[in-house]
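Trainee: Before I ask anything, let me first share the structure, which is written out below as C-alpha cells.
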Amino acid sequence: MDQNYTYPIILDFSDDEIIDIILPDFGNVMTCVSKGEDYITAAQDFLSLTILDLENENKELPKRSEIEKLKIKRKQQMVYINIWMPYHRSKVKEVFVKKTLTVPAWLDVLAKNNNINFSSILVKALKKELDIKK
5 MDQNYTYPII
15 LDFSDDEIID
25 IILPDFGNVM
35 TCVSKGEDYI
45 TAAQDFLSLT
55 ILDLENENKE
65 LPKRSEIEKL
75 KIKRKQQMVY
85 INIWMPYHRS
95 KVKEVFVKKT
105 LTVPAWLDVL
115 AKNNNINFSS
125 ILVKALKKEL
135 DIKK
C-alpha cells in the first residue's frame, strides 16, 4: 500500500454555479462543488475517499493515465492531484460499537495478568478472519 498517490482530475467549469470534479482513471466518477469553494481540496478529499473505498474492497488501484491520452472538452481543465494517504486516512473517523462477550474464567484471568486488551485482540482476530488487510 503506497503512501503517496498522484492522479489526474478534470475540472469542468461549464456550469455557472458548480464545478464538476471528474476522476478519469476511476471510471469517470464525479463529484461537484459550488463555485467559490476550494475545488482542489475537494478533489483531494474525493480522490482519497475513492482510493479508500477500493482499498477496503481489496481492489487494485488503476494506473495513472498519461497526460497526452486524456481528452478534455471546452471549459475543462486537467490537473494532477497528489495526496498523502496517512493524512487522509486519519480524517476518516472509525466508529466503534460496544460488544459483550463471554470467555472462560481461566482465560480471563490469564489475559488480565498479561495486560491483554480484549478489544484490540478481537479487532485483529476479526480482521484476520474476514481477510481485511487494513
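Going by the working numbering, the sequence shown opens with residue 5, and the numbers climb by one from there.
The beta carbon of each residue, even a glycine, is placed where N, CA and C say it ideally should be.
How is the alpha helix (DSSP H) around T35 delimited, first residue to last?
Mentor: Here T35 belongs to no alpha helix (DSSP H); instead the beta strand (DSSP E) covers V33 to S38.
Trainee: Residues bridged to W88 by DSSP?
Mentor: N8
Trainee: Could you tell me the distance, in whole angstroms, from the CA atom of I85 to the CA atom of Y9?
Mentor: 8 Å
Trainee: Run through the DSSP bridge pairs and tell me what L15 is partnered with.
Mentor: I25 and Q81
Trainee: Pair every Cβ in the region 102–113 with every Cβ in the region 70–80, then say whether three or more of these pairs are closer than 8 Å.
Mentor: no
Trainee: Applying the 10 Å Cβ sphere with the 16-neighbour rule, what's the burial state of Y91?
Mentor: exposed
Trainee: Taking the alpha-carbon of I44 as reference, which of E61, I26, L56 and G31 has the nearest alpha-carbon?
Mentor: Per the C-alpha coordinates, the member of E61, I26, L56 and G31 positioned closest to I44 is I26.
Trainee: Among the residues of its own chain, which have a CB less than 7 Å from the CB of V96, if the five just before and after it don't count?
Mentor: So the list reads L56, once near-sequence residues are dropped.
Trainee: In whole angstroms, give me the CA-to-CA distance for K128 and V107.
Mentor: 17 Å
Trainee: Give me the Cα-Cα distance between D42 and I22, rounded to the nearest whole angstrom.
Mentor: 12 Å
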